[in-house]
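A.B. asks:
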Amino acid sequence: NKAYAILTQREVEPTDPPHDPTYILSELQYRIGLAITHSDGRKCAMQDDPDTPVDCKQVATHAFSLATKFNPENENAKHMLAAITADATVKRASNTYVTALFDEYAHNFEHSLVDELGYNG
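Quick note on the numbering used here: the sequence shown kicks off at 13 and runs consecutively.
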């Protein structure tokens, strides 16, 4: 993984070395997976063979899998991995995931309700 090599290299001292590169790598892979799954019409290919199409779902699954490998506590990545693979062993989203989802949305709730949905009650 090129990102891991960059974050853990020792030849050149980075100006701001990460305390825990695995957390950063987990977030990076999670966001790559999100970017890939964001558009249904997206076409994917591997860097070493850009002319051969690859199933984007497979690439996103790999990214989410790497995210959970780098940080087994990454609830977002675990949720997305279960969702994209239709993992039947996962009956529902974890409490941690749902709590974080609602906590994050709380900051935007009024904007969504008033500005986007036009609520004026």
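In this text, a Cβ means the ideal position worked out from N, Cα and C, and glycines have one as well.
(1) Write down the C-beta distance between ASN83 and THR34 rounded to the nearest angstrom, noting that I regard them as a contact closer than 8 Å.
(2) Under three-state DSSP, which class holds ASP61?
(3) With which residues is CYS56 paired in a DSSP beta bridge?
(4) Can you have a look at SER51 and say buried or exposed, based on whether 16 or more other CB atoms are within 10 angstroms of its CB?
(5) Return the CA-CA distance between VAL126 and THR49, expressed in angstroms with no decimal places.
(6) If you run the structure through DSSP and keep just helix, strand and coil, what is ALA94?
(7) Report yes if the C-beta distance between ASN86 and SER38 is below 8 Å; otherwise report no.
(8) Report back the beta-carbon spacing between ILE96 and THR80 to the nearest angstrom; my notes put them in contact at under 8 Å.
(9) Exposed or buried, what is LEU129 when buried is set at 16 or more other beta-carbons lying within 10 Å of its beta-carbon?
(10) In this structure, how does DSSP classify ASP99 when only helix, strand and coil are distinguished?
(11) Got a sec? Which residues, its chain only, sit under 7 Å from ASN120 by beta carbon, not counting five neighbours each side?
C.D. replies: Inspection of the coordinates gives the following:
(1) ASN83 to THR34, Cβ: 6 Å. Contact.
(2) Strand at ASP61.
(3) BP columns for CYS56 point to VAL66.
(4) Result: exposed.
(5) Looking at the two C-alpha atoms, the distance is approximately 29 Å.
(6) DSSP places ALA94 in helix when its eight states are reduced to three.
(7) In contact: ASN86 and SER38 (Cβ atoms closer than 8 Å).
(8) About 12 Å; that fails the 8 Å criterion.
(9) So LEU129 counts as exposed.
(10) Three-state DSSP puts ASP99 in coil, outside helix and strand.
(11) Excluding positions up to five away in sequence, the list is empty.
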